[in-house]
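Working notes for the structure below.
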Amino acid sequence: MRQALTLAAKGEGFVEPNPMVGCVIVKNGEVIGSGYHTRYGAAHAEIEALRNAAARRPETDLAGATCYVTLEPCSHYGKTPPCAEAVINSGIRRVVAATGDPNPLVSGKGFALLRQAGISVTENVLREEAEYLNAPYLMRLTQNRPWVHAKWAMTLDGRLASKTRSSQWISGEEARKTVHQLRSRMDAVITGIGTVINDDPLLTVRLSEPDRIGSKTPLRIVMDSGGSVSPDCRLVQTAKEVPVLIVTKKELPPEKDKTLKESGCEILRLPGDHADQCRLLLQNLAERKMTNVLLEGGCGLFGTFFDLSCIDEIHAFVSPKLIGGSSAVPVIGGDGIAAMPLAVRLAAPEVRLLGEDIYVHGRLR
Numbered sequence: 035m036r037q038a039l040t041l042a043a044k045g046e047g048f049v050e051p052n053p054m055v056g057c058v059i060v061k062n063g064e065v066i067g068s069g070y071h072t073r074y075g076a077a078h079a080e081i082e083a084l085r086n087a088a089a090r091r092p093e094t095d096l097a098g099a100t101c102y103v104t105l106e107p108c109s110h111y112g113k114t115p116p117c118a119e120a121v122i123n124s125g126i127r128r129v130v131a132a133t134g135d136p137n138p139l140v141s142g143k144g145f146a147l148l149r150q151a152g153i154s155v156t157e158n159v160l161r162e163e164a165e166y167l168n169a170p171y172l173m174r175l176t177q178n179r180p181w182v183h184a185k186w187a188m189t190l191d192g193r194l195a196s197k198t199r200s201s202q203w204i205s206g207e208e209a210r211k212t213v214h215q216l217r218s219r220m221d222a223v224i225t226g227i228g229t230v231i232n233d234d235p236l237l238t239v240r241l242s243e244p245d246r247i248g249s250k251t252p253l254r255i256v257m258d259s260g261g262s263v264s265p266d267c268r269l270v271q272t273a274k275e276v277p278v279l280i281v282t283k284k285e286l287p288p289e290k291d292k293t294l295k296e297s298g299c300e301i302l303r304l305p306g307d308h309a310d311q312c313r314l315l316l317q318n319l320a321e322r323k324m325t326n327v328l329l330e331g332g333c334g335l336f337g338t339f340f341d342l343s344c345i346d347e348i349h350a351f352v353s354p355k356l357i358g359g360s361s362a363v364p365v366i367g368g369d370g371i372a373a374m375p376l377a378v379r380l381a382a383p384e385v386r387l388l389g390e391d392i393y394v395h396g397r398l399r
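Each residue of the sequence shown is one higher than the last, beginning at 35 in the numbering used here.
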C-alpha cells in the first residue's frame with residue numbers, strides 16, 4: 035500500500051478534479067503490475083496496473099492475485115469505464131483499499147460490486163495517509179469548497195510591502211520560479227483589488243518549455259466588491275488569453291460592464307460583506323469542480339480567509355531584508371487570534387533555502 039501511495043502522489047497537479055490514486059497488483063508475494071492515475075481523462079490507476087501486469091508478465095494469470103489500491107474502485111461510467119468491473123473481469127480475488135471514495139457516484143458502490151462478485155475486500159489500510167494525500171479532493175466533496183493555498187513573499191521583519199506599498203521584488207529569482215511552479219498546479223489564483231491597483235500583476239504561469247509540460251492555466255480571480263478594477267490593468271488586457279473572473283457586489287455601470295466582458299472577463303456578483311463573498315466564491319469554485327486554489331493578495335485578503343478558517347496550506351517566502359516602518363504592510367490582517375496559546379500552527383513544516391530566501395511550507399493544523 036505504501037508503494038501504491040507513492041505512485042498516487044505522482045498525479046498531483048495533473049489529475050484534478052479527480053483524486054490521486056495508485057495501484058499495485060501482487061501474486062504469490064511478488065509485485066506483477068503497478069500504475070497510477072496520470073492525468074484527468076486518462077485511464078485510472080487500476081487499469082494502468084492491469085495493463086502494466088499484462089506487459090510485464092504476459093504469461094502470468096491474474097487469478098487469485100491481490101490488488102492494493104489507495105481509493106475505492108469506481109463503479110460508474112464517467113470519462114472511463116468502471117474500474118470495479120475491470121478488476122472483477124481480471125480474475126483478481128482480493129482487493130485491499132486504503133479508503134472509500136465519498137463521491138456520491140461511488141461511495142461504497144465499488145466495494146459492494148466487488149463483494150457481490152465474490153471478491154474479498156479489506157478496507158482502511160493506511161487510511162490516514164491516503165486521506166492526507168487526497169485532502170484537497172476530500173475537502174471539495176465533503177465541505178463544498180476547494181483546498182486553499184496561501185502564498186506570500188515577506189521581509190525578515192514580516193512585511194509584504196513598504197509604507198509606500200512597494201513590494202517588487204522582495205524575493206529572488208529562484209523563489210519566483212517556485213511560485214510559477216506552484217501556480218501551474220492550481221485551478222485558480224485569487225487576488226484582491228488592492229493588489230491589482232498597487233502591483234498590476236499578471237498572475238500567469240511563466241515557465242520555460244520543459245517545465246510547462248502538463249502545467250495548468252489557472253483562472254485569475256479579482257475580489258473587487260466596489261467594481262473599481264480598471265479596464266487598462268494587465269489582468270483585463272490579457273483576459274482573452276488567460277481567463278479572468280471579477281467578483282463584485284454591486285452592479286457595474288453598463289459601459290464598464292460591457293468593456294470588461296468584451297475584454298474577455300467574466301463578472302460574478304455575490305452579496306454580503308467581504309467574508310460572505312469569499313465564502314460564496316469558494317462554494318462557486320467547488321461547483322466548477324476546482325480542487326486547489328491559490329491566494330496571492332494583500333493582508334486584507336489573507337486576513338479574511340484566515341478568520342474564516344479557510345486557509346489550508348501555506349507557502350511563505352522569507353527574504354533576508356528589513357524595511358521597518360509601523361505603517362508597512364503586515365502579512366495577515368483581519369481580526370486575528372486573541373492569545374498566543376490559540377495561535378495556528380503548521381503541521382510538520384518544510385523549510386528550505388531557495389537562493390538567499392527561506393521557503394516555509396506546510397499545512398495548517
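Glycine is no exception: its CB is placed at the ideal position from the N, C-alpha and C atoms.
Note that the structure is a prediction, hence the values are computed from the model and not measured.
Residue i - partner residues in DSSP beta bridges
i, result
"serine 249", "According to DSSP, serine 249 bridges with nothing at all."
"lysine 44", "BP columns for lysine 44 are empty, so no partner."
"valine 281", "Met257 and Leu302"
"cysteine 57", "Gly69 and Val103"
"leucine 382", "According to the sequence displayed, residue 382 carries alanine and not leucine. Answer is none; alanine 382 lacks a bridge partner."
"asparagine 326", "Trp181"
"isoleucine 392", "Val352 and Leu387"
Spatially closest choice to residue i from the options, by CA coordinates
i, options, result
"proline 354", "Thr72, Glu165 and Gly206", "Gly206"
"valine 256", "His349, Met188, Gly332 and Asn158", "Gly332"
"isoleucine 59", "Leu84, Asn52 and Leu319", "Leu84"
"arginine 268", "Glu296, Lys295, Val276 and Leu236", "Leu236"
"alanine 97", "Ala377, Ser124, Val65 and His78", "Ser124"
"cysteine 312", "Thr293, Glu296, Phe336 and Gly298", "Phe336"
"cysteine 299", "Lys274, Pro252, Asp234 and Glu119", "Lys274"
"arginine 379", "Val365, Asp346 and Met220", "Asp346"
"glycine 152", "Pro364, Val121, Val365 and Leu167", "Val121"
"histidine 183", "Asn326, Pro265 and Ser264", "Asn326"
"glutamine 177", "Ile366, Asn318 and Gly359", "Asn318"
"glutamate 289", "Cys344, Pro265 and Ile392", "Pro265"
"leucine 148", "Ala372, Ala118 and Leu294", "Ala118"
"valine 276", "Gly359, Ile81 and Ser297", "Ser297"
"tryptophan 203", "Ala187, Ala88, Asp291 and Val213", "Ala187"
"threonine 229", "Val263, Arg399 and Thr212", "Val263"
"threonine 133", "Gly45, Leu139 and Leu172", "Leu172"
"glutamate 162", "Arg36, Gly45, Ile227 and Arg386", "Arg36"
Expected contact under 8 Å - CB spacing of residue i and residue j to nearest Å
i, j, result
"alanine 164", "threonine 104", "5 Å"
"tyrosine 74", "glutamate 50", "7 Å"
"glycine 63", "leucine 39", "Actually they do not touch by this definition, with Cβ atoms about 20 Å apart."
Residues of its chain near residue i, where Cβ-Cβ distance is below 7 Å and the 5 sequence neighbours each way are ignored
i, result
"asparagine 137", "Leu175"
"proline 116", "Cys108, Ser109 and His110"
"arginine 217", "Val223, Val239, Pro252 and Leu328"
"asparagine 86", "Gly67, Ser68 and Gly69"
"valine 213", "Lys185"
Beta carbon of residue i nearer than 9 Å to that of residue j
i, j, result
"leucine 241", "glutamine 215", "yes"
"lysine 143", "threonine 100", "no"
"methionine 324", "alanine 222", "yes"
"proline 180", "alanine 320", "yes"
"alanine 309", "leucine 279", "no"
"serine 154", "arginine 193", "no"
"alanine 169", "arginine 322", "no"
"glycine 306", "lysine 284", "no"
"isoleucine 392", "valine 352", "yes"
"alanine 79", "leucine 167", "no"
"arginine 219", "serine 249", "yes"
"serine 259", "valine 363", "no"
"threonine 338", "glycine 368", "yes"
C-beta neighbour in chain B for residue i, strict 9 Å
i, result
"proline 375", "In the structure shown, chain B cannot be found, because there is only a single protein chain."
Neighbourhood of residue i by C-beta, 8 Å cutoff - its chain only, sequence neighbours within 5 removed
i, result
"aspartate 135", "Pro53, Leu105, Glu106, Cys108, Ser141 and Gly144"
"leucine 315", "Ile224, Ile255, Met257, Val281, Leu302 and Leu304"
Contact set for residue i: own chain, Cβ-Cβ below 6 Å, skip 5 residues either direction
i, result
"histidine 417", "Residue 417 cannot be examined here, being either before or after the span of the chain that is shown, 35 to 399."
"glutamate 330", "Lys185, Val223 and Thr225"
"threonine 94", "Ile66"
"isoleucine 357", "Thr189, Arg193 and Ser196"
"valine 130", "Tyr102, Thr156 and Val159"
"asparagine 232", "Arg199"
"glutamate 208", "Leu388 and Gly389"
"glycine 47", "Arg219"
"glutamate 82", "Gly69"
"alanine 377", "Ile371"
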